[in-house]
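Count the sequence shown with mature numbering (1 follows the signal peptide of the UniProt record, and there is no 0) and you get residues -24 to -1, 1 to 993, in order. Below: one structure, written as structure tokens.
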Amino acid sequence: MVFVARFLLATWVIVACAISSAWAQQHSFERFADELGGRQSSVYDIFQDPRGFLWFAGDTDGLLRYDGYQLTRWAASAENDELGRVSYSAVVMTQNDELWAAAWGSGLLFWQHNENRFRVYNTENSPLPDNRVQTLFEDSQGRIWAGTLNGLAVVEDYQARALETDNPLYQERIWRIAEQTNEPDSQQQAYLWFATTSGLYRTNQDGGEWQQYLPFPERYGNNRINEIRALRIIDGRVWVGVDSGVLEFNPATEQFIPVQFSPAHNSETPPRVNTLYPKGSNQLWVGAENGLWQVNTETHEYIPTTNDTFVLATDVDIRRIATDNSGTLWLGARDQGIFHSLPVTNDFQLTAESAPEPLRALLQRTISTVHVEINDDVWFGIPNGVARWQVTEKNWQYWLFPADEASRRVESVETDHTGRTWVATNSSLYFIDEDTDQLTEATEILDALGIQSTAVTKIFQDSKQRLWLGFWGQGLAYYDITPASEEPQVGWHFTALNDLRGDLVYDLVEQKDIGLWLVTRFSGLWFKPLNSEKWHPFQEIAKQDNWRGDLPSDGLLCLFLHRDNELWLCSENGLIKLDLNEKQIKNYTRANGLPSDRVLGLTKAPGIEAEAVDRLWITTSRGISLYEREREQFLNFGDDDGLSAFEFLRAAVDVNSDGRIYAGTVKGTVEFNPNELEVNRSRPNIGLSRIAVDDEDITGSLHFSNPELYLARNHRSVVVHYSVLDFKGATANAGRYRLLGLNDEWSAWSEVRQITFTTLPTGEYTLEIDGRSSLGLTAEKPLQIRIVVERPWWASPWVWLLAGILLLISFVVIAQVRFAALARLNRRLDKQVKERTQELEALAQKLREQSQTDYLTTLPNRRGFTAKFETVIAQAKRDKKPLTLVMFDVDHFKQFNDQHGHDAGDQVLHAVSKLAKECLREQDIVGRWGGEEFAILLPDTPLKGASQVCESLRSRLEGMRVDYQGESLNVTATFGVYQGDVTDTSLDKWMQYADIALYQGKKLGRNRVNAYAHKNL
């Protein structure tokens, strides 16, 4: 059962809780509450396991696990079924990823993931001395020590063993256990330490020697004065907590050194200590019944607060203190639940804090632009005006626009080489008049440009001391400030924006000795060479110089030149880098680690390490980022890092000579020194928060470090919830995944922590989940979950093997039977094949003849005629005999079809072919070439003889009458005769010349014989 953690954002103000101002600057506590009334529950232990999950042991809500997003009650069903309601007092995850828990009244519990339930060690089934287990500890040998209300037990290889009755800890209440290990080369012995009702005990690793140490031996007796309730070994030093405060035990002198308590008020009493926890260098956290204390471990003194008290929070019974990997401090309290506190740093400061009223109120609103001068004075675009912070003099100045003018937003500020400050606004161009000390509209420049008051989007001064002015929707103008003896020069220079409504120049930079670059709202990137007055679009430059990559957008927001050879661009589609030497474009987006694809500003400043210089800082719509070139990564900073606002504004960022960055936001200006930022570079782990198959939660059945999931082949769905286990800014953590075996491609980075699969096919897969913290650091390694979808019984390898063997045997038997039958069949088939072959050959011959014969005239068709030509010309070539080719067609054949129908035409063709066969010799070949065209081969016939044959045929055709439906049809034909060279075997060429002769005959009047006069004949 899952309880969403609701954070009460009020600073820790509870019953009689008083936090000093000094404490509030260091920590801002928030409190967990859940639907079961966790605010009134008691939390006795907090433990962070190797993956990064936090475990809470309590009496009301039981055993809880926290993944940075929500609390989950662990094994709720197992408790209800077997144990009933359990009050937990301690929890530990061992080196082997085994979960052990101490239950007050239920014994010692060990989680068995393969059975999805706890194994219970109690007084009935094991030598556990008491079911009221107070504390747990795993030593360096992997043994589990369980301290109870009535003695001590140790578990080795899952077997519990109690101490002998003559052991000094027999029937003692064990509060805490610790181990003092030594370096491998040290000659000193390692010891186990026990905090008990009868003082401090020490034993060697094998438990053969026991020693007792009393903090107040002179008062030993039937009392609790020598009871030690807390124990912690820090850097080899032994610290204990008793009813009267904190002491350090010196093993060499066997003396207890008390922490001195010097109350400022007689009403104050020393802490009754419950728990101890290290706090940085030379300090110790102390959780007591009356609140939270601090100890200086060098001076052995309690650290007072600014109001001369020692208790940081009163009337809070703190039972456990812990920190997680992100540095968050966690407190478990009796009857008051869980508290946590992320240290609040002052790395990011609001510039407005040093300003007087009423300027401070203006500086706490939207800061539209920031500009740092050479002398480190800082200009700010404030509502209705500009302000200047004179750093050296520590003096604030501000100027407001005239009340009757519409200027509200400052777009750009620039101080020229003469010392005059220019201000671009959403209504016009202004300057600060040195005589009146007022913001004055630059009407002379506007008049010279031929325009009225209009929005100015950018002011930039180049190395030639010329001002460039960007005007909304119009383009770029220049203002050349010349010596006093001459008039300043003003004019338009770049007007390519006129055609696109709302287009404007957003930013300019100068590349030394090369030229100027500018970016626009809609028209992309432009460049003007140093010695040219022409602006070139980047698309033209990229095409000419063969740039690699493309600009993802023409809508660009800012521009920054880095290291003289890198041009960086802001856009709605991420950060864009142009390598001017390599001619390459690279685009960085959220997929590369940016907190947002909307990049608003860029500047150059040191990195977070002292030796890191010349780093690129980026402002986005979701915070500020540092680009670390060597690691190819972005470090992101947001509200969890102390930013009062992370909604930065376009191009409102600059840096002074000391590397201090000023950035404008919707809530004022944030300033910080990069070298002072403290960054925890611990890479996050990825944790499996929950997994459900067909809506059944099976999280507890999986191994903590090597989860394997076995699915039935008829499963419906698998839902995986994962967590990036970095609790600082957890909502900004992101993840991605891939299912190896199905798709090797990573998904896109997403802040959604749920993965759903429906009906995976049979097979084996590995689900890999990668993560990235809010800071931008990726996980050391992805979480891997092995998923096996069972095969159906018939897909088992053994089934397939058996089936293969049976199939092989069947093949052998069938083959033997078939071979005999086939032998008989083959003999019969041989005979049938021979008979059939003869029939097929005859049929094939018939088909060949049919394929070469015209069905209407029964003459050879074009294919048949071509085949006969090849035979005849080969014979003529061998015999060196003449050969003549004739082409003729029926004159006006189309009229037969048009006037009498196609049947009449067919009858004419049939009559012509019949007459042609009658008039020709046996060796002559006549064929239908196509339509009304016919071709004749006359072997051993020269041109003259062939012409005579054709004339005879023409004459008979002219005298022939074709009867059709009672009408007598007259037929004439035109002949083309060609005698070719028999060595030329190309029928196409022969037909070409015969066709020429034919068409010449038609031109001469048709119904005639026309011979082709070849020049070589």
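Backbone N, C-alpha and C define an ideal beta-carbon position, used for all residues, glycine too.
Nearest residue (CA-CA) to residue i, options the options
i    : options                   : result
T596 : Q730, V629 and W80        : V629
W215 : L104, E194 and Q156       : Q156
A926 : Y455, R41, V262 and K893  : At residue 926 the sequence reads Cys, which differs from the Ala that was named. Comparing Cα-Cα distances from C926 to each of Y455, R41, V262 and K893, the minimum goes to K893.
V292 : P513, G308 and E277       : G308
G256 : R178, N250, Q270 and Q976 : Q270
G550 : F610, N272 and S723       : F610
F192 : A949, L176 and A154       : L176
G28  : S772, F680, W121 and L913 : F680
E410 : F32, L260 and T391        : T391
L59  : Y97, R41, L47 and P26     : Y97
Q899 : F845, K870 and R930       : F845
P334 : G903, G635 and Q373       : Q373
S967 : Q71, G921 and A911        : Checking the displayed sequence, the identity of residue 967 turns out to be Met instead of Ser. Among Q71, G921 and A911, the Cα nearest to that of M967 belongs to A911.
E185 : L47, Q165 and D133        : Q165
V218 : T281, R566 and L190       : L190
E274 : T229, I210 and D284       : I210
T959 : N983, V848 and G981       : V848
V354 : D526, D413, V631 and D284 : V631
P103 : G467, N946, Q147 and W776 : Q147
F88  : N107, W50 and Q117        : First, the amino acid is wrong: residue 88 is Gln here, not Phe. Looking at the Cα atoms, W50 is the closest of the given residues.
D311 : D35, T345 and N873        : D35
Residues bridged to residue i (per DSSP)
i            : result
Q259         : N272
I552         : L545 and N563
R364         : W355 and Q373
residue 996  : Nothing about residue 996 can be reported from this structure: the residues present for the chain run from -24 to 993 only.
D865         : E909 and T950
V222         : G217
M967         : Answer is none; M967 lacks a bridge partner.
F703         : Paired residues: none, contrary to the question.
V348         : V354
I584         : None; I584 has no bridge partner.
R748         : A710 and T754
G739         : V765
residue 1008 : Nothing can be reported for residue 1008, as the shown portion of the chain is limited to -24 through 993.
A264         : V249 and G267
Burial state of residue i (16 or more Cβ within 10 Å)
i            : result
R794         : exposed
A(-3)        : Annotation note: pLDDT 37 at A(-3) (below 50); position unreliable, coordinate value reported separately. Looking at its Cβ environment, which holds fewer than 16 other Cβ atoms inside 10 Å, A(-3) is exposed.
H697         : buried
H878         : exposed
Y134         : exposed
Q1           : Bear in mind that a pLDDT of 40 at Q1, under 50, signals an unreliable position, so the number given afterwards is only what the model happens to contain. It is exposed - the Cβ of Q1 has fewer than 16 other Cβ atoms within 10 Å.
I745         : buried
T327         : buried
residue 1004 : Here the chain comprises residues numbered -24 to 993, so residue 1004 is not present and cannot be evaluated.
Y253         : buried
L578         : buried
Y196         : exposed
Chain C contact for residue i (CB, 8 Å cutoff)
i    : result
W593 : Absence of chain C from the displayed structure is noted, only one protein chain being present.
Check: Enumerated in chain order, which unbroken segments of the alpha helix (DSSP H) with a length of 4 residues or greater are wholly contained in the region 396 to 451?
Finding: You should have 419 to 425.
Notebook entry, point to check: Which parts of the region 907 to 936 are runs of the alpha helix (DSSP H), unbroken and 4 residues or longer, counting only runs that do not cross its ends?
Noted result: 919 to 935
Note to self: Whether or not the region 613 to 622 and the region 684 to 697 are in contact is what I'm after, with contact meaning three or more pairs of Cβ atoms, one per stretch, closer than 8 Å; do they touch?
What the structure shows: Output reads no: the region 613 to 622 does not touch the region 684 to 697.
Next item on the list: Starting from the N-terminal side, write out each stretch of the beta strand (DSSP E) that is 3 residues or longer and does not extend beyond the region 633 to 658.
Entry: The region 633 to 658 contains these whole beta strand (DSSP E) runs: 637 to 641 and 644 to 648.
Check: Can you give, in chain order, each stretch of the beta strand (DSSP E) that sits fully within the region 266 to 346 and has at least 3 residues?
Finding: Within the region 266 to 346, the complete beta strand (DSSP E) runs of at least 3 residues fall at 267 to 272, 294 to 299, 305 to 309 and 313 to 319.
Next item on the list: Mind the definition here: the region 849 to 866 touches the region 945 to 952 only if three or more C-beta pairs lie below 8 Å; say whether that holds.
Entry: By the Cβ test, the region 849 to 866 is in contact with the region 945 to 952, since at least three Cβ pairs between them sit closer than 8 Å.
Next item on the list: Note down, one range per segment and in chain order, each beta strand (DSSP E) of at least 3 residues found wholly within the region 458 to 524.
Entry: 465 to 470, 481 to 487, 491 to 496 and 501 to 505
Margin query: Quick check on the DSSP output: what are the complete beta strand (DSSP E) runs of length 3 or more inside the region 136 to 180, in order along the chain?
Written below: 150 to 156, 167 to 172 and 175 to 180
Note to self: Between the region 355 to 370 and the region 655 to 663, can you find at least three pairs of beta-carbon atoms closer than 8 Å?
What the structure shows: no
Item checked: the region 689 to 709 / the region 646 to 655 touching (three or more Cβ pairs under 8 Å) -> no
Margin query: Quick check on the DSSP output: what are the complete alpha helix (DSSP H) runs of length 4 or more inside the region 827 to 912, in order along the chain?
Written below: 838 to 855, 869 to 876 and 878 to 895
Check: Counting pairs of Cβ atoms below 8 Å between the region 63 to 73 and the region 715 to 730, do you hit three or more?
Finding: As far as the Cβ criterion goes, the region 63 to 73 does not touch the region 715 to 730, which means the pair count is below three.
Next item on the list: Give, in chain order, every unbroken run of the beta strand (DSSP E) that is at least 3 residues long and sits entirely within the region 89 to 134.
Entry: Positions of the beta strand (DSSP E) runs, each at least 3 residues long and wholly inside the region 89 to 134, are given as 93 to 97, 109 to 114, 120 to 124 and 127 to 132 in order along the chain.
Next item on the list: Count the C-beta pairs between the region 707 to 723 and the region 747 to 760 that are closer than 8 Å, then say yes if the count reaches three, no if not.
Entry: yes
Check: Does the region 930 to 944 come within contact of the region 883 to 891, defined as at least 3 CB pairs closer than 8 Å?
Finding: yes
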